[in-house]
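Contents: one structure, followed by commentary.
There are 2 protein chains.
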Amino acid sequence: MKNFDTVSLSFDTNNHDHGRCIHTAMKVADKLCLSRSVRLTPARRRVLELIWESHHPVGAYDVLSKLSQESGKTAPPTVYRALEFLMEQGLIHRIESLNAYVGCAHPAEEHAGLFLICTDCGCAAEVHDEAIDQAIVTKAATLGFRPEQRTLEVRGTCPDCRPNS
Amino acid sequence: MKNFDTVSLSFDTNNHDHGRCIHTAMKVADKLCLSRSVRLTPARRRVLELIWESHHPVGAYDVLSKLSQESGKTAPPTVYRALEFLMEQGLIHRIESLNAYVGCAHPAEEHAGLFLICTDCGCAAEVHDEAIDQAIVTKAATLGFRPEQRTLEVRGTCPDCRPNS
DNA sequence: ACTGTAAATGTTATAACATAACAATATTAT
DNA sequence: ATAATATTGTTATGTTATAACATTTACAGT
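The listed protein sequences correspond, in order, to chains A and B. Going left to right, the first sequence walks through residues 425 to 589 as the numbering used here numbers them. Going left to right, the second sequence walks through residues 425 to 589 as the numbering used here numbers them.
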């Protein structure tokens, strides 16, 4: 049921308490970095917050321009380094089909996610499904392929954007 | 068994008769375009051939430079237009995680593929699996999400590159 | 507290990927 | 032949990402 909750939150961008959403994400990030003895520096932390400002995947240059607005001239490497760190720590995911980044709702757990991306409102929900994982692993094994990392992005229409039918 | 054959071909880049591979792909493309009354012009055809030169996904600018070598100065839009056309016709697929393009082995059929990409040799095999398709569709339905298009790319090690274990 | 080392950040430049806009040419249907 | 449409050429620019090297900051050991 937990996954479903996550998804509900993600899709329901107008009605959920997103401030709380961000707050929780940041607390989890703080705790996680502390426990791993890696440094969630102010710059990295701010980038994470900016990404969490919505459930829409955010481009690196969007982050960059916000950063520039609030902290004066900032160069791309600043953002990309922060993104790289956050990805390594599992705090964000990259949406390959959008060249954009989105906060991860449960960074502590190892996971291979599935992103449902609404082409109407632009929101992206990260969900998990054992049956999908299993099917992919099985298929790969059949072919003698050893999977290491994966990208699964589904574009379509989310429940909030769908004319009720 | 057909999928397995396809995959074997794709992974077995050194041993299969790739000339034949290309030849078949081009014939299918010709036939398909004819049947659809769309024009596989020389430029488009050549781009398709270049992409089929290997089972490795090819970047747009790789295609561009080959085209420039053989036909004199060529500009990016030439390549991107051809790629767009070939994608529309299902003759190639885009690998989002690599910003690269790869030939489609069965362009006539509607399909949502899965790409197994070897991080060692760089080859990409397109496979299909009913169980995976089903699991994704089911999950989406459960969440009220209407899927329209999807990207599924698995990076890992292919059988040819794996130390026999 | 001092200092050497490693980590992080700043800075400049450029690479890599992609499209907008408009002109010219080729194809097709009539 | 000609008008309408599709394709290609051309120039410029937009977007995404990284290389390379300088500087600053944090931290561990003394």
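Backbone N, C-alpha and C define an ideal beta-carbon position, used for all residues, glycine too.
- Ranking Cys528(A), Ala499(A), Gly514(A), Lys563(A) by CA distance to the CA of leucine 538(B) puts Lys563(A) first.
- The alpha-carbon separation between alanine 524(A) and isoleucine 475(B) amounts to approximately 27 Å.
- Rounded to the nearest angstrom, the gap between the Cα atoms of arginine 518(B) and glycine 527(B) is 9 Å.
- Judged by DSSP in its simplified three-state form, arginine 570(B) adopts strand.
- When Cβ-Cβ separations below 8 Å define contact, leucine 507(B) makes no contact with chain A.
- Chain A has no Cβ within less than 8 Å of the Cβ of aspartate 544(B).
- Alanine 484(A): member of the alpha helix (DSSP H) spanning 484 to 495, first to last residue.
- Secondary structure in the region 519 to 575 of chain B: the alpha helix (DSSP H) runs of 4 residues or longer, each lying completely within the stretch, are 554 to 566 in chain order.
- In chain order, Leu540, Val578, Arg579, Gly580, Thr581 make up the part of chain A whose C-beta sits under 9 Å from the C-beta of proline 571(B).
- Residue state for valine 462(B) is assigned as coil, using DSSP reduced to three classes.
- Isoleucine 541(A) places its beta carbon 8 Å or farther from that of isoleucine 556(B).
- The C-beta of valine 526(A) comes no closer than 8 Å to any C-beta of chain B.
- Taking 8 Å as the Cβ-Cβ cut-off, the region 453 to 464 of chain A has no residue approaching chain B.
- In terms of Cα proximity to arginine 586(B), the closest of Arg444(B), Ala467(B), Thr543(B) is Thr543(B).
- By the Cβ criterion, the region 489 to 499 of chain A is not in contact with the region 510 to 517 of chain A, since fewer than three pairs of Cβ atoms, one from each stretch, lie closer than 8 Å.
- The contact set of alanine 564(B) on chain A, defined by CB atoms closer than 8 Å, consists of Leu540, Val578, Gly580 in chain order.
- Looking only at Pro531(B), Gln573(B), Leu522(B), Leu464(B), the smallest Cα-Cα distance to arginine 574(A) is reached by Leu522(B).
- Counted as a single uninterrupted DSSP element, the stretch harbouring leucine 515(B) is not any alpha helix (DSSP H), since DSSP gives it neither H nor E.
- For threonine 581(B), the pairing in a beta bridge is given by DSSP as Arg570(A).
- From the beta-carbon of valine 551(B), the residues of chain A found nearer than 8 Å are Lys563, Leu567.
- Our two residues, glycine 514(A) and proline 531(A), have alpha carbons roughly 5 Å apart in a direct line.
- By the Cβ rule, the region 462 to 474 of chain A counts as touching the region 485 to 493 of chain A, because three or more pairs are nearer than 8 Å.
- As the crow flies, the alpha-carbon of leucine 464(A) is around 17 Å from that of alanine 529(A).
- Secondary structure at threonine 502(A): helix, using DSSP grouped into helix, strand and coil.
- In summary, no residue of the region 474 to 487 of chain A has a CB separated from any CB of chain B by less than 7 Å.
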